[in-house]
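Engineer:
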Amino acid sequence: MTTTTTPTTRPALERRRFVSPELVDLRTAWTLERDLATAPDARHDAWCQGRHGWMLEDGLDTVLEPVLRQDTYGAQAFYRFFDLDGAAAETLLDRLDPGYLAEERQNDGPSIGAVLRALAAHPDRLRAHGYVVGPGRCDERITVEGVLVRTDDELVVDRHHSRSCQCEHLVRYVAEDLGIDDMRVPPHEVGPWWGFSFNAPADEGEDEERWYRLWWD
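Just so we're aligned: the sequence shown equals residues 23 to 239 in my numbering.
1) Classify Ile164 as helix, strand or coil using the three-state DSSP reduction.
2) Once you ignore the five residues that flank Ala64 on each side, which residues in its own chain have a CB closer than 7 Å to its CB?
3) Three-state secondary structure (DSSP) at Trp69?
4) Could you tell me the alpha carbon to alpha carbon distance between Glu126 and Val137, rounded to whole angstroms?
5) Looking only at C-alpha atoms, which of Phe104, Glu162 and Gly152 sits nearest to Cys70?
6) Only counting runs of 4 or more residues, tell me where the alpha helix (DSSP H) segments fall wholly within the region 151-213, in order along the chain.
7) With the cut-off set at 8 Å, would you say Leu148 and Leu200 are in Cβ contact?
8) What are the boundary residues of the alpha helix (DSSP H) that Trp52 is part of?
9) Which residues in the same chain as Ser133 place their Cβ atom closer than 8 Å to its Cβ, once the five residues preceding and following it in sequence are excluded?
10) Since Trp52 contacts Gly75 with CB under 8 Å, what's their CB separation in whole angstroms?
11) Across which residues does DSSP place Leu236 in a beta bridge pair?
Set out below in structure tokens:
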């Protein structure tokens, strides 16, 4: 008589997400950048002010780490962000120097202070996108180069700016209603935002949110 043994069912192993050992947190990365930039044999441009690591000293790493992405082209000490929100804006307003808030801007775009204050006041309407230059470079900074704007109604915004295009209406809304009013020139690009959604997909019967992107070169 042959006895059949029922195979023992093994519990499924918990899947673990692979994490590269080379990846580090932002504070560690910025500390390394600062140490390399301030080493005795480090070379700098003649105009370099030499204040490497000021964002680290002001604790900006904890604010920015959730939104920063390393540049896909591998630029040194360069990071991008696409969805800086109202909560992060409030913290940055507390930590950045008033002079920096008033003066830092992407060429002729709005000041970073105006954008952050608008984000804090209208967190359901705005997100900011831009970039951060880390402590490894002499031009260390955080810069906003554009905003993402949510509107209640769908707007006619096309790349060729035809007669029916409502770009000017959108720019006035951002300046007059949302408070980003110190731009020196209108945005160089205005268009629908086709990127990721900030909220969960709309339920059946609900309208999808409409976002538009304003960008200064």
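For glycine and all other residues, C-beta sits at the position ideal for the given N, C-alpha and C.
Structural biologist: Reading off the structure:
1) Correct three-state label for Ile164: strand.
2) Leu58
3) coil
4) As the crow flies, the alpha-carbon of Glu126 is around 11 Å from that of Val137.
5) Glu162
6) Runs found: 189-194.
7) yes
8) Leu48 to Ala59
9) Leu123, Ala124, Glu125, Glu126, Arg127 and Asp204
10) 7 Å
11) Leu236 pairs with Val169 and Val212.
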